[in-house]
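Notes for the one structure printed next.
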Amino acid sequence: MAPSSSPFLFNNTPFQVYRPPGQGSAVRRRQKESQLRSQTNTHAPYSLQQNLTMHDKLKILDYCGGDSTKDLTQQEKVVQLHSMGYYTLSQSTLSTLLRDEDLLRAYADAHPEHLHMKRRPIVQLPHVEAALHEWILQKQDWGIRLTGDLIQLFTGYDPCDIFNADETALFFRVKLDKSCLTYLLCANMDGSEKRQPLIIGRARRPRCFGNLKALQLGFYYFWNQTAWMYQSIWETYLNDFNKDMKAQDRHILLLVDNAPTHRHNAANYSNIQVEFLPPNLTSWIQPMDAGIIQCFKSHYRNRFMRLALDRDDSGFENIYGINQLDAMSIASNAWAAVLPSTISNCWRHTGLITSPPTPNDDYSSREEQSLVEEMARHPRFMQPTFQRLWTVMGGQTQTKHEETDEEISRRIEVGLTLGE
1 MAPSSSPFLF NNTPFQVYRP PGQGSAVRRR QKESQLRSQT NTHAPYSLQQ NLTMHDKLKI
61 LDYCGGDSTK DLTQQEKVVQ LHSMGYYTLS QSTLSTLLRD EDLLRAYADA HPEHLHMKRR
121 PIVQLPHVEA ALHEWILQKQ DWGIRLTGDL IQLFTGYDPC DIFNADETAL FFRVKLDKSC
181 LTYLLCANMD GSEKRQPLII GRARRPRCFG NLKALQLGFY YFWNQTAWMY QSIWETYLND
241 FNKDMKAQDR HILLLVDNAP THRHNAANYS NIQVEFLPPN LTSWIQPMDA GIIQCFKSHY
301 RNRFMRLALD RDDSGFENIY GINQLDAMSI ASNAWAAVLP STISNCWRHT GLITSPPTPN
361 DDYSSREEQS LVEEMARHPR FMQPTFQRLW TVMGGQTQTK HEETDEEISR RIEVGLTLGE
(Lines of atoms letter the chains of each structure in order from A and count residues from 1; the text may use other names and numbers.)
(Lines give C-alpha, C1' and ligand atoms only; values in the text may rest on other atoms or scores of the structure.)
Protein backbone atom coordinates (compact mmCIF):
# COMPACT_ATOMS: atom_id res chain seq x y z
CA MET A 1 0.00 0.00 0.00
CA ALA A 2 1.42 3.34 -0.96
CA PRO A 3 1.33 6.00 1.72
CA SER A 4 0.36 9.60 0.98
CA SER A 5 3.21 11.97 0.37
CA SER A 6 1.47 14.78 2.25
CA PRO A 7 2.87 15.08 5.87
CA PHE A 8 0.59 16.02 8.79
CA LEU A 9 1.47 16.90 12.39
CA PHE A 10 0.09 15.00 15.34
CA ASN A 11 1.42 16.02 18.79
CA ASN A 12 4.15 17.90 16.91
CA THR A 13 5.14 14.60 15.25
CA PRO A 14 4.94 14.39 11.45
CA PHE A 15 3.23 11.34 10.07
CA GLN A 16 1.88 10.15 6.72
CA VAL A 17 -1.87 9.67 6.12
CA TYR A 18 -2.70 6.46 4.36
CA ARG A 19 -4.83 6.78 1.17
CA PRO A 20 -5.91 3.95 -1.12
CA PRO A 21 -4.38 3.85 -4.58
CA GLY A 22 -6.08 6.15 -7.11
CA GLN A 23 -7.62 8.42 -4.51
CA GLY A 24 -5.03 11.12 -5.05
CA SER A 25 -6.41 11.97 -8.48
CA ALA A 26 -9.90 12.43 -7.00
CA VAL A 27 -8.50 14.73 -4.35
CA ARG A 28 -6.66 16.77 -6.94
CA ARG A 29 -9.88 17.00 -9.00
CA ARG A 30 -11.82 18.30 -6.00
CA GLN A 31 -9.06 20.80 -5.26
CA LYS A 32 -9.20 22.02 -8.85
CA GLU A 33 -13.00 22.39 -8.66
CA SER A 34 -12.60 24.29 -5.40
CA GLN A 35 -10.18 26.67 -7.13
CA LEU A 36 -12.65 27.14 -9.98
CA ARG A 37 -15.41 27.96 -7.53
CA SER A 38 -13.22 30.48 -5.77
CA GLN A 39 -12.44 32.09 -9.13
CA THR A 40 -16.14 32.16 -9.88
CA ASN A 41 -17.03 33.96 -6.68
CA THR A 42 -14.72 36.84 -7.55
CA HIS A 43 -16.95 37.70 -10.51
CA ALA A 44 -20.29 37.80 -8.72
CA PRO A 45 -21.34 40.65 -6.43
CA TYR A 46 -22.43 39.69 -2.94
CA SER A 47 -25.99 38.26 -2.74
CA LEU A 48 -26.60 38.90 -6.46
CA GLN A 49 -29.78 37.27 -7.75
CA GLN A 50 -30.25 36.56 -11.41
CA ASN A 51 -33.17 34.73 -12.96
CA LEU A 52 -32.66 33.46 -16.47
CA THR A 53 -35.18 34.20 -19.19
CA MET A 54 -35.99 31.65 -21.85
CA HIS A 55 -33.81 33.68 -24.22
CA ASP A 56 -30.88 33.46 -21.76
CA LYS A 57 -31.31 29.70 -21.44
CA LEU A 58 -31.18 29.25 -25.21
CA LYS A 59 -28.01 31.37 -25.41
CA ILE A 60 -26.38 29.21 -22.73
CA LEU A 61 -27.35 26.03 -24.57
CA ASP A 62 -26.02 27.42 -27.84
CA TYR A 63 -22.72 28.25 -26.15
CA CYS A 64 -22.38 24.84 -24.52
CA GLY A 65 -23.14 23.10 -27.80
CA GLY A 66 -20.45 24.95 -29.73
CA ASP A 67 -17.15 23.51 -30.88
CA SER A 68 -15.16 25.80 -28.57
CA THR A 69 -16.57 24.16 -25.43
CA LYS A 70 -16.79 20.49 -26.39
CA ASP A 71 -13.59 19.61 -24.46
CA LEU A 72 -14.52 21.57 -21.31
CA THR A 73 -16.05 20.08 -18.21
CA GLN A 74 -19.37 21.45 -16.99
CA GLN A 75 -17.63 23.37 -14.21
CA GLU A 76 -15.22 24.94 -16.68
CA LYS A 77 -18.18 25.92 -18.86
CA VAL A 78 -19.80 27.52 -15.82
CA VAL A 79 -16.67 29.62 -15.23
CA GLN A 80 -16.70 30.80 -18.84
CA LEU A 81 -20.42 31.61 -18.62
CA HIS A 82 -19.80 33.65 -15.49
CA SER A 83 -17.35 35.78 -17.45
CA MET A 84 -20.13 36.30 -20.02
CA GLY A 85 -22.42 37.81 -17.38
CA TYR A 86 -24.29 34.78 -16.03
CA TYR A 87 -22.79 35.26 -12.57
CA THR A 88 -25.11 33.08 -10.51
CA LEU A 89 -25.28 30.10 -12.86
CA SER A 90 -24.38 26.93 -10.97
CA GLN A 91 -23.24 23.60 -12.29
CA SER A 92 -26.48 21.96 -11.17
CA THR A 93 -28.51 24.55 -13.09
CA LEU A 94 -26.39 24.02 -16.18
CA SER A 95 -26.81 20.27 -15.84
CA THR A 96 -30.59 20.70 -15.68
CA LEU A 97 -30.60 22.94 -18.75
CA LEU A 98 -28.55 20.44 -20.74
CA ARG A 99 -30.81 17.61 -19.63
CA ASP A 100 -33.98 19.48 -20.69
CA GLU A 101 -32.52 21.05 -23.83
CA ASP A 102 -34.93 19.35 -26.24
CA LEU A 103 -37.95 20.34 -24.18
CA LEU A 104 -36.76 23.95 -23.84
CA ARG A 105 -36.12 24.35 -27.56
CA ALA A 106 -39.47 22.80 -28.45
CA TYR A 107 -41.26 25.15 -26.05
CA ALA A 108 -39.41 28.19 -27.44
CA ASP A 109 -40.39 27.24 -30.99
CA ALA A 110 -44.03 26.84 -29.99
CA HIS A 111 -44.17 30.01 -27.84
CA PRO A 112 -41.77 32.66 -29.20
CA GLU A 113 -43.78 35.29 -27.32
CA HIS A 114 -42.50 33.79 -24.04
CA LEU A 115 -38.77 34.28 -24.71
CA HIS A 116 -38.65 37.25 -22.34
CA MET A 117 -40.24 35.29 -19.49
CA LYS A 118 -38.22 33.85 -16.63
CA ARG A 119 -40.68 31.07 -15.89
CA ARG A 120 -43.06 29.17 -18.05
CA PRO A 121 -46.65 30.21 -17.25
CA ILE A 122 -48.54 27.51 -15.41
CA VAL A 123 -51.84 26.68 -17.08
CA GLN A 124 -54.36 25.16 -14.69
CA LEU A 125 -56.74 24.11 -17.48
CA PRO A 126 -54.68 23.62 -20.65
CA HIS A 127 -57.62 22.38 -22.72
CA VAL A 128 -59.63 25.50 -21.84
CA GLU A 129 -56.67 27.77 -22.65
CA ALA A 130 -56.19 26.06 -26.02
CA ALA A 131 -59.88 26.45 -26.87
CA LEU A 132 -59.82 30.12 -25.81
CA HIS A 133 -56.71 30.76 -27.92
CA GLU A 134 -58.40 29.28 -30.99
CA TRP A 135 -61.54 31.33 -30.32
CA ILE A 136 -59.56 34.57 -30.10
CA LEU A 137 -57.73 33.85 -33.34
CA GLN A 138 -61.01 33.06 -35.07
CA LYS A 139 -62.68 36.25 -33.88
CA GLN A 140 -59.67 38.33 -34.91
CA ASP A 141 -59.83 36.75 -38.37
CA TRP A 142 -63.45 37.84 -38.55
CA GLY A 143 -62.51 41.37 -37.49
CA ILE A 144 -64.30 41.07 -34.14
CA ARG A 145 -62.63 42.75 -31.14
CA LEU A 146 -62.76 41.52 -27.57
CA THR A 147 -64.81 44.33 -26.04
CA GLY A 148 -67.33 42.53 -23.87
CA ASP A 149 -67.26 45.13 -21.08
CA LEU A 150 -68.01 47.93 -23.52
CA ILE A 151 -70.80 46.03 -25.23
CA GLN A 152 -72.42 45.44 -21.83
CA LEU A 153 -72.43 49.21 -21.31
CA PHE A 154 -74.30 49.68 -24.58
CA THR A 155 -77.31 47.71 -23.38
CA GLY A 156 -78.62 50.68 -21.40
CA TYR A 157 -78.47 53.13 -24.31
CA ASP A 158 -80.01 53.56 -27.74
CA PRO A 159 -77.54 53.84 -30.67
CA CYS A 160 -78.37 57.54 -31.01
CA ASP A 161 -77.20 58.08 -27.41
CA ILE A 162 -73.78 56.42 -27.72
CA PHE A 163 -71.05 58.84 -28.81
CA ASN A 164 -67.33 58.77 -29.54
CA ALA A 165 -65.06 61.82 -29.47
CA ASP A 166 -61.41 62.25 -30.39
CA GLU A 167 -58.91 64.97 -31.27
CA THR A 168 -57.01 65.28 -34.52
CA ALA A 169 -54.56 67.79 -35.98
CA LEU A 170 -55.51 69.63 -39.16
CA PHE A 171 -52.64 71.20 -41.11
CA PHE A 172 -54.79 73.56 -43.11
CA ARG A 173 -52.09 74.92 -45.41
CA VAL A 174 -49.74 73.14 -47.78
CA LYS A 175 -46.61 74.03 -45.82
CA LEU A 176 -45.92 72.07 -42.66
CA ASP A 177 -45.58 75.11 -40.40
CA LYS A 178 -47.49 76.46 -37.44
CA SER A 179 -50.68 76.50 -39.51
CA CYS A 180 -52.24 73.73 -37.47
CA LEU A 181 -55.58 73.50 -35.70
CA THR A 182 -56.75 70.83 -33.30
CA TYR A 183 -60.25 69.52 -33.97
CA LEU A 184 -62.32 67.55 -31.48
CA LEU A 185 -64.85 65.57 -33.50
CA CYS A 186 -67.79 63.77 -31.93
CA ALA A 187 -70.57 61.65 -33.45
CA ASN A 188 -73.03 59.02 -32.31
CA MET A 189 -73.24 55.36 -33.23
CA ASP A 190 -75.93 55.50 -35.92
CA GLY A 191 -74.53 58.66 -37.51
CA SER A 192 -77.69 60.63 -36.85
CA GLU A 193 -75.88 63.31 -34.84
CA LYS A 194 -72.56 65.00 -35.47
CA ARG A 195 -71.64 67.47 -32.76
CA GLN A 196 -70.26 70.86 -33.71
CA PRO A 197 -66.46 70.49 -33.84
CA LEU A 198 -64.44 72.04 -31.06
CA ILE A 199 -61.52 73.95 -32.60
CA ILE A 200 -58.29 74.93 -30.84
CA GLY A 201 -55.90 77.42 -32.43
CA ARG A 202 -52.83 79.40 -31.39
CA ALA A 203 -54.26 82.91 -31.70
CA ARG A 204 -56.81 84.37 -29.31
CA ARG A 205 -58.44 86.39 -32.06
CA PRO A 206 -56.82 85.93 -35.48
CA ARG A 207 -56.75 89.04 -37.64
CA CYS A 208 -58.93 87.32 -40.21
CA PHE A 209 -61.75 87.32 -37.63
CA GLY A 210 -61.88 91.11 -37.83
CA ASN A 211 -63.81 92.60 -34.94
CA LEU A 212 -65.97 89.52 -34.52
CA LYS A 213 -65.63 86.75 -31.99
CA ALA A 214 -65.44 83.13 -33.12
CA LEU A 215 -68.89 82.44 -31.68
CA GLN A 216 -70.34 85.25 -33.76
CA LEU A 217 -68.78 83.62 -36.82
CA GLY A 218 -70.43 80.32 -35.92
CA PHE A 219 -67.41 78.47 -34.53
CA TYR A 220 -66.80 76.72 -31.20
CA TYR A 221 -63.25 78.02 -30.76
CA PHE A 222 -60.59 77.96 -28.04
CA TRP A 223 -56.95 78.97 -28.10
CA ASN A 224 -53.59 78.47 -26.40
CA GLN A 225 -49.95 78.79 -27.49
CA THR A 226 -49.70 75.16 -28.58
CA ALA A 227 -53.21 74.62 -30.02
CA TRP A 228 -53.49 71.54 -27.80
CA MET A 229 -56.36 70.11 -25.81
CA TYR A 230 -56.11 70.99 -22.12
CA GLN A 231 -58.14 69.59 -19.25
CA SER A 232 -59.82 72.96 -18.72
CA ILE A 233 -61.01 73.01 -22.35
CA TRP A 234 -62.23 69.42 -22.05
CA GLU A 235 -64.23 70.22 -18.92
CA THR A 236 -65.83 73.21 -20.67
CA TYR A 237 -66.75 70.96 -23.59
CA LEU A 238 -68.31 68.37 -21.27
CA ASN A 239 -70.21 71.08 -19.39
CA ASP A 240 -71.74 72.49 -22.59
CA PHE A 241 -72.49 68.98 -23.87
CA ASN A 242 -74.17 68.10 -20.58
CA LYS A 243 -76.35 71.23 -20.66
CA ASP A 244 -77.50 70.33 -24.16
CA MET A 245 -78.39 66.78 -23.12
CA LYS A 246 -80.27 68.01 -20.05
CA ALA A 247 -82.30 70.36 -22.23
CA GLN A 248 -83.20 67.40 -24.46
CA ASP A 249 -83.83 65.13 -21.45
CA ARG A 250 -81.28 62.63 -22.74
CA HIS A 251 -78.67 60.52 -20.97
CA ILE A 252 -75.74 59.52 -23.17
CA LEU A 253 -72.62 57.35 -23.13
CA LEU A 254 -69.43 59.05 -24.37
CA LEU A 255 -66.40 56.93 -25.31
CA VAL A 256 -62.97 58.62 -25.30
CA ASP A 257 -59.34 57.57 -25.00
CA ASN A 258 -57.67 57.69 -21.59
CA ALA A 259 -55.52 60.78 -22.23
CA PRO A 260 -54.72 62.77 -19.05
CA THR A 261 -56.49 65.79 -20.55
CA HIS A 262 -59.77 63.84 -20.50
CA ARG A 263 -59.65 63.67 -16.71
CA HIS A 264 -62.85 65.06 -15.14
CA ASN A 265 -65.18 64.87 -12.14
CA ALA A 266 -68.05 62.62 -13.21
CA ALA A 267 -70.33 64.09 -10.53
CA ASN A 268 -70.44 67.38 -12.46
CA TYR A 269 -72.08 65.85 -15.52
CA SER A 270 -75.42 64.33 -14.67
CA ASN A 271 -76.45 63.38 -18.20
CA ILE A 272 -73.14 62.12 -19.60
CA GLN A 273 -71.42 58.87 -18.67
CA VAL A 274 -67.82 59.10 -19.88
CA GLU A 275 -66.07 55.78 -20.40
CA PHE A 276 -62.38 55.41 -21.24
CA LEU A 277 -61.38 52.99 -23.96
CA PRO A 278 -58.76 50.37 -22.96
CA PRO A 279 -55.33 51.90 -23.69
CA ASN A 280 -54.07 48.83 -25.55
CA LEU A 281 -57.20 48.65 -27.74
CA THR A 282 -57.91 52.33 -28.45
CA SER A 283 -56.52 52.28 -31.99
CA TRP A 284 -58.63 49.20 -32.76
CA ILE A 285 -62.02 50.03 -31.28
CA GLN A 286 -62.28 53.82 -31.48
CA PRO A 287 -64.67 54.66 -34.35
CA MET A 288 -63.04 58.04 -34.98
CA ASP A 289 -59.76 56.24 -35.68
CA ALA A 290 -61.55 53.63 -37.79
CA GLY A 291 -62.20 56.02 -40.66
CA ILE A 292 -64.34 58.96 -39.52
CA ILE A 293 -61.41 61.34 -39.06
CA GLN A 294 -59.83 60.11 -42.28
CA CYS A 295 -63.07 60.82 -44.17
CA PHE A 296 -63.25 64.32 -42.66
CA LYS A 297 -59.70 65.11 -43.76
CA SER A 298 -60.36 63.68 -47.22
CA HIS A 299 -63.33 66.03 -47.65
CA TYR A 300 -61.19 68.95 -46.45
CA ARG A 301 -58.42 68.11 -48.90
CA ASN A 302 -60.89 67.79 -51.79
CA ARG A 303 -62.38 71.20 -51.07
CA PHE A 304 -58.94 72.73 -50.74
CA MET A 305 -57.90 71.30 -54.11
CA ARG A 306 -61.13 72.52 -55.73
CA LEU A 307 -60.42 76.01 -54.40
CA ALA A 308 -56.87 75.85 -55.82
CA LEU A 309 -58.22 74.76 -59.22
CA ASP A 310 -60.76 77.56 -59.32
CA ARG A 311 -58.10 80.10 -58.37
CA ASP A 312 -55.77 78.78 -61.04
CA ASP A 313 -58.50 79.16 -63.66
CA SER A 314 -59.07 82.73 -62.45
CA GLY A 315 -55.38 83.62 -62.75
CA PHE A 316 -54.49 83.79 -59.05
CA GLU A 317 -50.77 83.81 -58.32
CA ASN A 318 -50.97 82.25 -54.84
CA ILE A 319 -53.55 79.55 -55.39
CA TYR A 320 -52.83 77.82 -52.06
CA GLY A 321 -52.99 80.88 -49.79
CA ILE A 322 -55.75 80.73 -47.19
CA ASN A 323 -56.13 82.19 -43.71
CA GLN A 324 -57.42 80.49 -40.59
CA LEU A 325 -61.00 81.63 -41.12
CA ASP A 326 -60.97 80.20 -44.65
CA ALA A 327 -59.66 76.91 -43.30
CA MET A 328 -62.28 76.75 -40.55
CA SER A 329 -65.04 77.37 -43.11
CA ILE A 330 -63.69 74.63 -45.39
CA ALA A 331 -63.42 72.26 -42.44
CA SER A 332 -67.01 72.96 -41.37
CA ASN A 333 -68.23 72.01 -44.84
CA ALA A 334 -65.99 68.93 -44.77
CA TRP A 335 -67.48 67.74 -41.47
CA ALA A 336 -71.00 68.36 -42.78
CA ALA A 337 -70.17 66.19 -45.82
CA VAL A 338 -69.34 63.10 -43.73
CA LEU A 339 -72.32 60.81 -44.29
CA PRO A 340 -74.25 59.09 -41.49
CA SER A 341 -73.67 55.78 -43.29
CA THR A 342 -69.91 56.39 -43.20
CA ILE A 343 -70.04 57.00 -39.45
CA SER A 344 -72.17 53.94 -38.67
CA ASN A 345 -69.98 51.74 -40.88
CA CYS A 346 -66.87 52.92 -39.01
CA TRP A 347 -68.53 51.87 -35.76
CA ARG A 348 -69.21 48.46 -37.31
CA HIS A 349 -65.60 48.20 -38.45
CA THR A 350 -64.48 48.29 -34.81
CA GLY A 351 -66.65 45.28 -33.97
CA LEU A 352 -68.74 47.29 -31.50
CA ILE A 353 -71.78 46.76 -33.74
CA THR A 354 -72.68 43.36 -35.11
CA SER A 355 -75.40 44.39 -37.59
CA PRO A 356 -74.59 44.30 -41.34
CA PRO A 357 -72.98 47.39 -42.90
CA THR A 358 -75.08 50.15 -44.43
CA PRO A 359 -74.75 50.86 -48.18
CA ASN A 360 -72.40 53.81 -48.46
CA ASP A 361 -71.89 56.11 -51.40
CA ASP A 362 -68.22 57.01 -50.93
CA TYR A 363 -68.48 60.36 -52.63
CA SER A 364 -65.24 61.72 -51.18
CA SER A 365 -63.11 59.02 -52.85
CA ARG A 366 -64.77 59.51 -56.24
CA GLU A 367 -64.50 63.28 -55.93
CA GLU A 368 -60.82 63.05 -55.02
CA GLN A 369 -60.07 60.79 -57.96
CA SER A 370 -61.85 63.21 -60.30
CA LEU A 371 -59.88 66.16 -58.93
CA VAL A 372 -56.58 64.31 -59.27
CA GLU A 373 -57.33 63.53 -62.91
CA GLU A 374 -58.25 67.15 -63.53
CA MET A 375 -55.12 68.45 -61.83
CA ALA A 376 -52.95 66.03 -63.79
CA ARG A 377 -53.75 68.14 -66.86
CA HIS A 378 -52.26 71.22 -65.16
CA PRO A 379 -48.44 71.20 -64.98
CA ARG A 380 -48.59 73.62 -62.09
CA PHE A 381 -50.15 70.98 -59.84
CA MET A 382 -47.41 68.46 -60.52
CA GLN A 383 -44.87 70.57 -58.64
CA PRO A 384 -43.42 69.37 -55.29
CA THR A 385 -45.65 71.87 -53.46
CA PHE A 386 -48.74 70.05 -54.64
CA GLN A 387 -47.24 66.65 -53.88
CA ARG A 388 -46.80 67.73 -50.25
CA LEU A 389 -50.51 68.43 -50.08
CA TRP A 390 -51.35 64.75 -49.75
CA THR A 391 -49.06 64.01 -46.84
CA VAL A 392 -49.31 67.32 -44.96
CA MET A 393 -53.09 67.65 -44.82
CA GLY A 394 -53.50 64.04 -43.83
CA GLY A 395 -50.75 64.21 -41.22
CA GLN A 396 -51.00 63.96 -37.46
CA THR A 397 -49.15 65.52 -34.57
CA GLN A 398 -49.58 65.95 -30.84
CA THR A 399 -53.00 67.35 -29.97
CA LYS A 400 -53.20 66.83 -26.20
CA HIS A 401 -51.29 68.57 -23.44
CA GLU A 402 -49.07 66.22 -21.43
CA GLU A 403 -48.54 67.26 -17.84
CA THR A 404 -45.01 67.96 -16.64
CA ASP A 405 -43.72 66.55 -13.35
CA GLU A 406 -44.26 69.97 -11.75
CA GLU A 407 -47.86 70.18 -12.98
CA ILE A 408 -48.65 66.69 -11.70
CA SER A 409 -47.11 67.53 -8.32
CA ARG A 410 -49.06 70.81 -8.15
CA ARG A 411 -52.34 69.08 -9.04
CA ILE A 412 -51.82 66.44 -6.35
CA GLU A 413 -50.98 69.10 -3.75
CA VAL A 414 -54.13 71.04 -4.63
CA GLY A 415 -56.19 67.85 -4.41
CA LEU A 416 -54.75 67.03 -0.99
CA THR A 417 -55.43 70.56 0.23
CA LEU A 418 -59.03 70.43 -0.96
CA GLY A 419 -59.41 67.02 0.66
CA GLU A 420 -58.43 68.46 4.00
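Heads up, the sequence shown is in UniProt numbering, so the first residue is 1 and it goes up one at a time.
A virtual CB, placed ideally from N, CA and C, is assigned to each residue, including glycine.
It should be emphasised that the depicted structure is a prediction, and the values quoted were computed from it without experimental measurement.
How many whole angstroms separate the CB atoms of Leu94 and Lys77, which I take to be in contact at a CB cut-off of 8 angstroms?
One-based indexing of the sequence shown puts residue 94 at position 94. One-based indexing of the sequence shown puts residue 77 at position 77. The Cβ separation is near 7 angstroms, so the contact holds.
Below 8 angstroms on the Cβ atoms is my guess for Leu115 versus Thr53; work out the distance and round it to an integer in Å.
Taking the sequence shown and counting its residues from 1, the one referred to as residue 115 is at position 115. Taking the sequence shown and counting its residues from 1, the one referred to as residue 53 is at position 53. So it is a contact: roughly 7 angstroms between Cβ atoms.
Candidates Lys213, Gln294, Pro159, of which the one nearest Tyr183 by Cα
What you label residue 183 is simply residue 183 of the sequence shown in a count that begins at 1. The residue with the shortest Cα to Cα distance from Tyr183 is Gln294.
Return the CA-CA distance between Glu113 and Ala106, expressed in angstroms with no decimal places.
Locating residue 113 in the sequence shown gives position 113, counting from the first residue. Locating residue 106 in the sequence shown gives position 106, counting from the first residue. In a straight line, the C-alpha of Glu113 is about 13 angstroms away from that of Ala106.
Spatial neighbours of Tyr63 within its chain, please: CB distance less than 6 angstroms, with the 5 preceding and 5 following residues excluded, ordered by chain position.
Here residue 63 refers to the residue found at position 63 when the sequence shown is read from its first residue. Nothing listed; no residue qualifies.
Would you say the stretch 289-303 touches the stretch 332-341, given that touching needs at least three Cβ pairs under 8 angstroms?
yes
Expressed to the nearest angstrom, what Euclidean distance is found between the alpha-carbon atoms of Gln80 and His55?
By 1-based counting over the sequence shown, the position of residue 80 is 80. By 1-based counting over the sequence shown, the position of residue 55 is 55. Here the alpha carbon of Gln80 sits roughly 18 angstroms from the alpha carbon of His55.
Of the listed residues Gln196, Ile200, Leu255, nearest to Cys180 (C-alpha basis):
For the purposes of this step, residue 180 is taken as the residue at position 180 of the sequence shown. Comparing Cα-Cα distances from Cys180 to each of Gln196, Ile200, Leu255, the minimum goes to Ile200.
Cβ neighbour criterion (16 or more within 10 Å) applied to Ala110
The residue labelled residue 110 in the question sits at position 110 within the sequence shown. Ala110 comes out exposed.
Distance, Leu89 Cα to Ser83 Cα:
In the sequence shown, residue 83 corresponds to position 83, counting from 1. In the sequence shown, residue 89 corresponds to position 89, counting from 1. Cα-Cα distance, rounded: 11 angstroms.
Rounded Cβ spacing between Gln324 and Pro197 (contact assumed at less than 8 angstroms):
Here residue 324 is taken as the residue at index 324 of the sequence shown, counted from 1. Here residue 197 is taken as the residue at index 197 of the sequence shown, counted from 1. With 8 angstroms as the limit, Gln324 and Pro197 do not qualify as a contact, their Cβ atoms being about 14 angstroms apart.
Closest by C-alpha distance to Trp234, when choosing among Arg301, Ile252, Cys186, Gln91
Indexing the sequence shown from 1 puts residue 234 at position 234. Among Arg301, Ile252, Cys186, Gln91, the Cα nearest to that of Trp234 belongs to Cys186.
Backbone secondary structure at Lys57 - three-state DSSP:
The residue you call residue 57 lines up with position 57 of the sequence shown. The answer is helix: DSSP assigns Lys57 an H, G or I state.
Beta-carbon gap between Leu255 and Ala165 smaller than 9 angstroms:
In the sequence shown, counting from the first residue as 1, residue 255 sits at position 255. In the sequence shown, counting from the first residue as 1, residue 165 sits at position 165. Yes; because the gap between Cβ atoms is below 9 angstroms, this pair is in contact.
Assumed close pair Arg263, Gln286 - CB separation to whole angstroms, cut-off 8 angstroms
Start at 1 with the first residue of the sequence shown, and residue 263 comes out as number 263. Start at 1 with the first residue of the sequence shown, and residue 286 comes out as number 286. Under the criterion of beta carbons closer than 8 angstroms, Arg263 and Gln286 do not qualify as touching, at roughly 18 angstroms.
Can you look up Met328 in the DSSP assignment and give me helix, strand or coil?
Counted from its first residue, the sequence shown places residue 328 at position 328. In this structure, Met328 counts as helix in the three-state DSSP scheme.
If I follow the unbroken alpha helix (DSSP H) through residue 422, where does it start and stop?
For the chain, the structure presents residues 1 to 420; residue 422 sits outside this window and is missing.
Kindly indicate which three-state DSSP category Asp166 falls into: helix, strand or coil?
Position 166 of the sequence shown, counted from the first residue, corresponds to residue 166. If DSSP states are grouped into helix, strand and coil, Asp166 belongs with the strands.
Output needed for Met328: all residues of its chain with C-beta closer than 6 angstroms, excluding positions within five of it in sequence on either side, in chain order.
For this step, residue 328 is matched to residue 328 along the sequence shown. Same-chain partners within the cutoff: Phe219.
Could you check which residue in Gln75, Ala227, Thr69, Ala214 has the C-alpha nearest to that of Asp326?
What you label residue 326 is simply residue 326 of the sequence shown in a count that begins at 1. Of the candidates Gln75, Ala227, Thr69, Ala214, the one whose C-alpha sits nearest the C-alpha of Asp326 is Ala214.
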